[in-house]
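Numbering follows this note's numbering, in which position 177 of the sequence shown is assigned residue number 166; successive positions increment by one, without gaps. Comments concern the structure below.
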Amino acid sequence: MLKATFNSIFVPQMAQLLGCGCYRFGKKEKLTMSGRVPPRRLPPLNALRAFDAVARRGSILKAADELGVVRGAVRQQLNLLEAHFGVSLFDRENGRLVLTPKGRAFADSVGVAFGILTRASSELSIGGRRSIRLGVPSAFAVWWLMPRVAALQAALQDIDIDIVPMAMVEPLAMRADLEAVIMGGEYRPMRDITAIRFMEDEFGPVATPDVTGRLGLVEGVKALGAAVALSSRSAPSLWGDWFAESGHAPVSFAGNREFEDLLLAIGAARSGLGVAIVPRTAIGEDIDRGALVAPFGFIRRPAGYSLSIRSSDVKDPALVRLADWLSEAGAEPT
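Printed below as a string of structure tokens:
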């Protein structure tokens, strides 16, 4: 009460004596005629959009493609934003833009802000009904999530789940259009991202019974040297991870085929093209039917699968319900 009385009585008088200037929390700030400090001017929205796109996409060209503008327009907006703050947000290294520490911190905050705006706009446009845009690896969506989507919708009732399949899985920090992303493997969350682990998983080499017999895979891992290794760009390190974590020495394959999506690598394995390295959740039914076999078994991936959300959303009721359902479904036997 004393502080409020002091401010209301003496600050206006001091402002007049000092030419409408005052000291507030040790920093001199201009007062308006009403005695209030004017709000700090925000940078232009288009400049923030361009900055966010470049920070997420990693290049001006990709940001321009996303925004539907020419590269020069993106550069102009970045220059405008740096001039607004009077600080460098990017370092220019050999023609590349690299975020400065201040730029990275600002990019994280801008991404969170755009995520909040996107969600609020979505809720407003659908009359207040909540919707969650969830990014999911394509194979995981097809083989695990979609068979359970009716149970998911029944559990969430008034919340719509918009499942976005991702052939190339990008971290949530790179996708302002999504509210959450399911990540597999040894994913390490970035700053301001919270990862909620909801299910374990195993992975290993699989092939048709014919390929397994023809190559003599039951004789040992060395027999893989005669195989065509099948992998995907969405999970490029699985073969290396499997050799490292299984304790087997790496082998030189007779051939290598890399596909854009894990689903394509699995399809190639089903056709008898070679041996694929895959998470068990993606081919559980194939194993049960005998369409594919795992000659060396599976090893556990400690990280399993996680739901990535922005740390500012950890108490969001809709995302909490989604995380709870994933945890319950992930604990059920497959």
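Glycine residues also receive a C-beta, built at the ideal position from the N, C-alpha and C atoms.
With contacts defined as CB atoms closer than 9 Å, L167 and R122 qualify as a contacting pair. Annotated three-state conformation of D80 is strand, per DSSP. Contact between V195 and V131 is ruled out by a C-beta separation of about 16 Å, above the 8 Å threshold. Taking all protein chains shown into account, D147 has fewer than 16 neighbouring C-beta atoms within 10 Å of its C-beta and is therefore exposed. Just so you know, the alpha carbons of L31 and I185 end up roughly 34 Å apart. The way I'd put it, the stretch 227 to 240 does touch the stretch 266 to 281; three or more beta-carbon pairs between them come closer than 8 Å. F248 has S221 as its beta-bridge partners, per DSSP.
A96 and L67 do not touch by the CB rule: their CB atoms are close to 12 Å apart, not below 8 Å. Here L167 carries a coil assignment [DSSP, helix/strand/coil]. For V264, the uninterrupted beta strand (DSSP E) segment begins and ends at 264 to 268. The Cβ atoms of L145 and L311 sit closer than 9 Å to each other. Under the DSSP assignment, G47 falls outside any beta strand (DSSP E); it carries neither an H nor an E label.
Here DSSP, grouped into helix, strand and coil, assigns G124 to strand.
With three or more CB-CB distances shorter than 8 Å, the stretch 199 to 218 counts as touching the stretch 235 to 254. The C-beta separation of V125 from M157 comes to about 13 Å, leaving the pair out of contact by the 8 Å criterion. The alpha-carbon of R46 is positioned some 35 Å away from that of A320. Residue pairing by DSSP places T183 opposite I298 in a beta bridge. When secondary structure is reduced to three states using DSSP, L281 falls in the coil class, being assigned neither helix nor strand. Straight through space, the alpha carbons of R278 and N83 are spaced by roughly 54 Å. Cβ-Cβ distances below 6 Å link L86 to F79 in the same chain, with the five nearest sequence neighbours on each side left out; the list follows chain order. For F287 and M188, the gap between their C-alpha atoms comes out near 16 Å.
Beta bridge pairing from DSSP links P136 with no other residue. Taking 3 residues as the minimum length, the beta strand (DSSP E) runs contained wholly in the stretch 51 to 107 are 79 to 82, 85 to 88, in order along the chain.
Counting other Cβ atoms within 10 Å of its Cβ, L34 stays below 16 and is therefore classed as exposed. D230: member of the alpha helix (DSSP H) spanning 227 to 235, first to last residue. Annotation for M163: R45 place their beta carbon closer than 7 Å to its own, counting only its chain and skipping 5 residues before and after.
Apart from the 5 residues on each side of it in sequence, G104 sits with its Cβ closer than 7 Å to the Cβ of A165, E168, R299 in its chain, given in chain order.
Looking from the CA of G193, the closest CA among L213, A52, D41 belongs to L213. DSSP places D41 within a helical segment (H, G or I) once states are collapsed to three.
Within the model, the alpha-carbon separation for A258 versus Y294 is close to 23 Å. Under DSSP, G173 takes part in a beta bridge, and its partners are Y294.
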